[in-house]
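Engineer: Mind looking over this structure? Questions follow.
Residue numbers (our numbering), protein chains in the order written: chain A, 1 to 364; chain B, 365 to 728.
In structure tokens form, the structure reads like this:
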């Protein structure tokens with residue numbers, strides 16, 4: 001167990017060992033744990049229905065604490081998951097988490113507009129940070145989150161579950177191995193019918209709009225498929241429910257991405273339609289995944305056969321958190337570091353600009 | 365058999381019977397034929413490898429004549445298909461076809477830049493006209509072709525083989541029957557790697573550019589899927605082989621179509637990539653066809669099952685020509701009249717304009 005004392009020793013060591021990666025440092029100097037304690041910040045649907053159940057399946061981490069502004073939720077979770085009172089925080093008491101050796105990782109599952117604040121506060125409390133996607137609303141916020149975690153020598157991972165999913169990993173490897181040759185075109189769609197009206201996804205100030213939410217999946221589809229970063233975008237946005245998606249909020253976004261190799265992508269994302277597929281055209285064949293971003297059942301095919309891993313994990317999020325906890329304990333880099341989340345937000349910002357102006361927007 | 369005399373009687377009658385459709389008129393006054401004689405104009409790949417073989421399978425029409433500027437081709441075809449000398453024309457002698465009762469239909473299979481001229485000349489010769497896609501380069505040409513055929517009381521059909529293809533007909537029916545509900549999004553890609561460098565498809569003045577050629581397939585995909593006409597487009601064009609696709613010629617076009625209902629389409633077409641699929645998202649499910657525009661083997665699926673007609677016709681073009689010949693003989697409207705070809709060219713022109721200016725273009 002890490003005690004407050006060993007934690008403070010570790011923190012104190014930080015400044016003098018800038019030559020070492022913070023992860024290596026922490027792995028080397030913090031007493032080894034068998035598994036890490038995770039505190040979930042924000043107990044909405046994703047924490048309740050996916051992360052908490054997933055944390056009952058994880059081997060390298062467990063649900064150690066919660067941070068919530070709703071006392072009734074605290075009571076429910078406390079009973080359901082046997083969480084001690086000392087590991088339950090409100091947003092007011094949150095910073096005291098610095099003194100709690102049970103909590104190794106803070107997982108920020110708040111609306112995107114609050115990500116920067118809570119990632120920064122968690123990092124300053126000396127905790128490793130996992131942050132749900134989208135990483136933030138602006139690239140500037142993302143950069144501050146990255147910088148603050150670096151400065152405080154804590155790891156930062158973004159909650160991109162698909163990077164940890166075997167079928168996704170396999171299609172990416174097949175593409176990188178050249179199984180369909182040079183990538184020429186990607187068509188990727190991700191969407192579902194969201195019938196909520198006042199969730200953060202439907203609230204502009206909280207980071208709403210489909211391009212922020214489902215949008216990062218199609219950007220990931222295009223970026224993972226090409227293995228490149230886009231250099232320019234064009235985009236179109238619209239809504240079938242203007243009474244819900246107002247003030248520039250997008251129910252549906254279509255975007256076209258240009259990559260340095262000449263590859264292009266057409267991506268579509270929506271809160272109004274059910275869509276879930278990835279088509280990758282190469283000069284030696286085609287690879288497709290359908291569904292490609294579901295919570296389970298990803299399958300695909302390519303000229304060499306099927307992509308259908310027989311893995312059995314009810315929650316993809318369990319794999320994600322076990323991977324990230326293992327990397328932290330081993331002092332290794334995160335599979336999906338803050339920089340990866342930032343790359344998507346740079347593109348998301350360009351897409352909103354392109355859609356608003358009706359013009360092609362270059363990405364630096 | 366129609367003689368020159370009955371033909372002239374028919375033509376003379378025309379002016380006095382404007383209340384009747386020209387097809388009905390012709391059907392009523394021309395002596396009945398068991399099958400129609402077709403003259404192919406332009407003996408390139410499509411006539412040689414597809415239409416002529418298909419005309420050996422047709423029941424309602426047959427290969428009666430040819431029009432070619434290449435004497436060696438005339439000789440080859442004459443021997444191969446037993447075509448009498450009197451039914452072989454050059455481009456100089458073409459108009460004399462008016463006096464040839466063996467020829468009921470002139471099928472224009474020339475580069476798109478020559479479609480207007482030969483459709484007009486064929487119509488003025490009193491022959492029914494079939495015209496390969498794309499109908500022409502401009503909507504103005506298409507309108508003149510339509511008007512001239514109407515004025516001369518001959519039928520005009522565009523060579524859209526897929527309208528005659530059972531799997532295509534089935535998916536259109538399923539969509540119109542509401543099997544996947546209200547159509548929301550269409551993603552459609554059609555392309556192949558064309559390695560020619562000096563074909564008309566690679567020659568701007570002849571009607572080249574992928575949007576004219578494969579492009580009409582993706583427009584058809586979007587229009588047949590939605591059952592609507594687009595009201596605005598955005599588009600992007602590029603090439604991986606600027607030494608071939610120069611002077612504004614497109615190797616690849618991506619376009620986004622807006623439909624009155626709110627449905628959208630993302631279409632991709634290319635002479636540089638092999639692509640062939642149609643994904644239709646409705647509010648009650650998804651329908652996909654893959655391949656959707658091949659010369660054979662169209663298959664699809666939707667929530668209600670598979671789309672896979674067991675029909676056995678080696679050449680889709682045989683079905684197309686038999687349908688069109690039957691309609692002419694029965695005095696019925698063409699399944700794919702000139703107006704249908706015109707609709708696509710209106711959109712193609714808007715897409716080139718949108719791609720060139722980088723702006724959304726409204727379609728009147």
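Note that the Cβ used here is the ideal one computed from N, Cα and C, for glycine as well.
In whole angstroms, what is the alpha-carbon distance linking residue 40 of chain A and residue 108 of chain A?
Structural biologist: The sequence position of residue 40 of chain A within the first chain is 40, counting from 1. The sequence position of residue 108 of chain A within the first chain is 108, counting from 1. Roughly 6 Å separates the two Cα atoms.
Engineer: Report the residues of the segment 263 to 280 of chain A with a CB closer than 8 Å to any CB of chain B, ordered along the chain.
Structural biologist: Cβ contacts with chain B come from 264, 266, 268, 270, 272, 273, 274, 275, 277, 279.
Engineer: Select from the segment 162 to 187 of chain A all residues with a C-beta closer than 7 Å to any C-beta belonging to chain B, and list them in chain order.
Structural biologist: Result list: 184, 185, 187.
Engineer: Measuring straight from C-alpha to C-alpha, what distance separates residue 422 of chain B and residue 602 of chain B?
Structural biologist: Taking the first residue of the second chain as position 1, residue 422 of chain B is located at position 58. Taking the first residue of the second chain as position 1, residue 602 of chain B is located at position 238. So the two alpha carbons sit approximately 40 Å from each other.
Engineer: I need the boundaries of the alpha helix (DSSP H) containing residue 508 of chain B, first residue and last residue.
Structural biologist: Locating residue 508 of chain B in the second chain gives position 144, counting from the first residue. Element bounds for residue 508 of chain B: 503 to 515.
Engineer: Under a three-way DSSP split, which group does residue 678 of chain B fall into?
Structural biologist: Position 314 of the second chain, counting from 1, holds the residue named residue 678 of chain B. Correct three-state label for residue 678 of chain B: coil.
Engineer: Taking only beta-carbon atoms, is residue 433 of chain B less than 7 Å away from chain A?
Structural biologist: Residue mapping note: residue 433 of chain B aligns to position 69 of the second chain, counting from 1. No, residue 433 of chain B lies away from the interface with chain A (no Cβ there is under 7 Å from its Cβ).
Engineer: Which whole-angstrom value is the C-beta distance of residue 719 of chain B and residue 632 of chain B, which I expect to be below 8 Å?
Structural biologist: Locating residue 719 of chain B in the second chain gives position 355, counting from the first residue. Locating residue 632 of chain B in the second chain gives position 268, counting from the first residue. About 13 Å; that fails the 8 Å criterion.
Engineer: Relative to the C-alpha of residue 122 of chain A, which candidate in A:364, A:146, A:187 has its C-alpha closest?
Structural biologist: Position 122 of the first chain, counted from the first residue, corresponds to residue 122 of chain A. The candidate whose alpha carbon is nearest that of residue 122 of chain A is A:146.
Engineer: Could you pull out every residue in the same chain whose Cβ sits closer than 8 Å to the Cβ of residue 449 of chain B, ignoring the five residues on either side in sequence?
Structural biologist: Here residue 449 of chain B refers to the residue found at position 85 of the second chain. Correct list, in chain order: 442.
Engineer: Does the separation of the CB atoms of residue 87 of chain A and residue 65 of chain A fall below 7 Å?
Structural biologist: Within the first chain, the letter at position 87 stands for residue 87 of chain A. Within the first chain, the letter at position 65 stands for residue 65 of chain A. Yes, Cβ-Cβ distance for residue 87 of chain A and residue 65 of chain A is below 7 Å.
Engineer: 7 Å is my cut-off, CB to CB: does residue 604 of chain B come that close to chain A?
Structural biologist: Position 240 of the second chain, counted from the first residue, corresponds to residue 604 of chain B. At least one chain A Cβ lies under 7 Å of residue 604 of chain B.
Engineer: Hey, is residue 254 of chain A's beta-carbon within less than 7 Å of any beta-carbon in chain B?
Structural biologist: If you number the first chain from 1, residue 254 of chain A lands on position 254. Output row for residue 254 of chain A: interface = yes.
Engineer: For chain A, is any of its Cβ atoms less than 7 Å away from the one on residue 724 of chain B?
Structural biologist: To locate residue 724 of chain B, count along the second chain from 1; it is residue 360. It does: the Cβ of residue 724 of chain B has a partner Cβ on chain A nearer than 7 Å.
Engineer: Name the chain A residues that come within less than 7 Å of residue 600 of chain B, Cβ to Cβ?
Structural biologist: Walking along the second chain from the start, residue 600 of chain B turns up at place 236. Chain A residues near residue 600 of chain B: 234, 256.
Engineer: Between B:513, B:507, B:414, which lies nearest to residue 707 of chain B when the distance is taken from Cα to Cα?
Structural biologist: Taking the first residue of the second chain as 1, we reach residue 707 of chain B at position 343. Checked all of B:513, B:507, B:414; the closest Cα to residue 707 of chain B is B:507.
Engineer: For residue 573 of chain B, collect the residues of the same chain with a Cβ closer than 7 Å to its Cβ; drop the 5 residues on either side in sequence, then sort them by chain order.
Structural biologist: Residue 573 of chain B sits at position 209 when you count from the first residue of the second chain. Result list for residue 573 of chain B: 613, 614, in chain order.
Engineer: On the premise that residue 212 of chain A lies in contact with residue 134 of chain A, defined as a C-beta separation below 8 Å, what is that separation, rounded to the nearest angstrom?
Structural biologist: The residue given as residue 134 of chain A occupies position 134 in the first chain. The residue given as residue 212 of chain A occupies position 212 in the first chain. Sure, about 4 Å apart at Cβ, within 8 Å.
Engineer: Out of B:402, B:525, B:494, B:504, which has the shortest C-alpha to C-alpha gap to residue 678 of chain B?
Structural biologist: Translated into positions along the second chain, residue 678 of chain B becomes position 314. When each option's Cα is compared against that of residue 678 of chain B, the closest is B:525.
Engineer: Ignore the nearest five residues each way along the sequence and tell me which others in residue 293 of chain A's own chain have a CB closer than 7 Å to its CB.
Structural biologist: By one-based count along the first chain, residue 293 of chain A stands at place 293. Answer for residue 293 of chain A: 162, 190, 217, 276, listed in chain order.
Engineer: Taking the beta carbon of residue 45 of chain A as the centre, do at least 16 other beta carbons fall within 10 Å, making it buried, or is it exposed?
Structural biologist: As a first step, residue 45 of chain A must be located in the first chain, where it is residue number 45. Exposed, since its Cβ has fewer than 16 Cβ neighbours within 10 Å.
Engineer: Leaving aside the five residues before and after residue 304 of chain A along the sequence, list all residues of the same chain whose C-beta is less than 6 Å from its C-beta, in chain order.
Structural biologist: Mapped onto the first chain, residue 304 of chain A falls at position 304. Once the five neighbours on either side are set aside, the close Cβ partners of residue 304 of chain A are 179.
Engineer: Any idea what DSSP makes of residue 458 of chain B, helix, strand or coil?
Structural biologist: Taking the second chain and counting its residues from 1, the one referred to as residue 458 of chain B is at position 94. DSSP places residue 458 of chain B in helix when its eight states are reduced to three.
Engineer: In whole angstroms, give me the CA-to-CA distance for residue 119 of chain A and residue 203 of chain A.
Structural biologist: On the first chain, position 119 is the one that residue 119 of chain A refers to. On the first chain, position 203 is the one that residue 203 of chain A refers to. Taking the straight line joining both Cα atoms gives about 21 Å.
Engineer: Can you list, in chain order, the residues of its chain whose CB lies under 6 Å from that of residue 505 of chain B, leaving out five sequence neighbours each side?
Structural biologist: Mapped onto the second chain, residue 505 of chain B falls at position 141. Excluding sequence neighbours, residue 505 of chain B sits near 480.
Engineer: Is DSSP giving residue 174 of chain A helix, strand or coil here?
Structural biologist: On the first chain, position 174 is the one that residue 174 of chain A refers to. Three-state DSSP puts residue 174 of chain A in a helix.
Engineer: Counting C-beta neighbours from all protein chains within 10 Å, is the total for residue 359 of chain A 16 or more, i.e. buried, or is it exposed?
Structural biologist: The sequence position of residue 359 of chain A within the first chain is 359, counting from 1. Exposed is the call here.
Engineer: Identify which residue in A:272, A:34, A:80 has its Cα closest to the Cα of residue 242 of chain A.
Structural biologist: By 1-based counting over the first chain, the position of residue 242 of chain A is 242. It is A:272 whose Cα lies nearest to the Cα of residue 242 of chain A.
Engineer: Could you check what DSSP says for residue 336 of chain A in three-state terms: helix, strand or coil?
Structural biologist: The residue labelled residue 336 of chain A in the question sits at position 336 within the first chain. If DSSP states are grouped into helix, strand and coil, residue 336 of chain A belongs with coil.
Engineer: Please list the partners that residue 189 of chain A has in chain B, where partner means a Cβ-to-Cβ separation under 8 Å.
Structural biologist: Here the question's residue 189 of chain A lines up with position 189 in the first chain. Within 8 Å Cβ-Cβ: 549, 551, 643, 645.
Engineer: The alpha helix (DSSP H) with residue 584 of chain B in it runs from where to where?
Structural biologist: The count along the second chain starts at 1 and reaches residue 584 of chain B at position 220. Per DSSP, residue 584 of chain B belongs to the alpha helix (DSSP H) from 579 to 590.
Engineer: Find out if the Cβ-Cβ distance for the pair residue 54 of chain A, residue 318 of chain A is shorter than 7 Å.
Structural biologist: One-based indexing of the first chain puts residue 54 of chain A at position 54. One-based indexing of the first chain puts residue 318 of chain A at position 318. Cβ atoms of residue 54 of chain A and residue 318 of chain A: closer than 7 Å.
Engineer: If we define contact as Cβ-Cβ less than 7 Å, is residue 479 of chain B a contact residue for chain A?
Structural biologist: Position 115 of the second chain, counted from the start, is the residue given in the question as residue 479 of chain B. False, the Cβ-Cβ gap to chain A never drops below 7 Å.
Engineer: Roughly how far, in whole angstroms, is the beta-carbon of residue 362 of chain A from the beta-carbon of residue 183 of chain A, given that I think they are within contact range, below 8 Å?
Structural biologist: For the purposes of this step, residue 362 of chain A is taken as residue 362 along the first chain, with counting starting at 1. For the purposes of this step, residue 183 of chain A is taken as residue 183 along the first chain, with counting starting at 1. With 8 Å as the limit, residue 362 of chain A and residue 183 of chain A do not qualify as a contact, their Cβ atoms being about 21 Å apart.
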